[in-house]
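Read through the structure below, which is laid out as structure tokens, and then see the notes.
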Amino acid sequence: MKFGVVVFPGSNCDRDVQTAARAAGYEADFIWHAATAVDGFDCLVLPG
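The opening residue of the sequence shown carries number 29 in the numbering used here; numbering runs sequentially from there.
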């Protein structure tokens, strides 16, 4: 499973979510909030 961690200006906990997902054995990449393509992700996370 591949996680997409959506990053907004001023958001917090995005790195924490990425670290937790990876520690659980999943892939996790950051996605800038204005991205128009989110193909390839199984789960999107909005940290805060």
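Using N, Cα and C, we set each Cβ at its ideal position, and we do this for glycine too.
Asked                                                                                                                                                             : Found
State the start and end residues of the unbroken alpha helix (DSSP H) segment that holds valine 45.                                                               : 42-51
Quick one: grab the DSSP three-state call for alanine 56.                                                                                                         : strand
Determine which residues share a DSSP beta bridge with valine 35 and list them.                                                                                   : Trp60
Leaving out five residues on either side along the sequence, give the residues of the same chain with a beta carbon under 6 Å from the beta carbon of alanine 49. : Phe31 and Ala56
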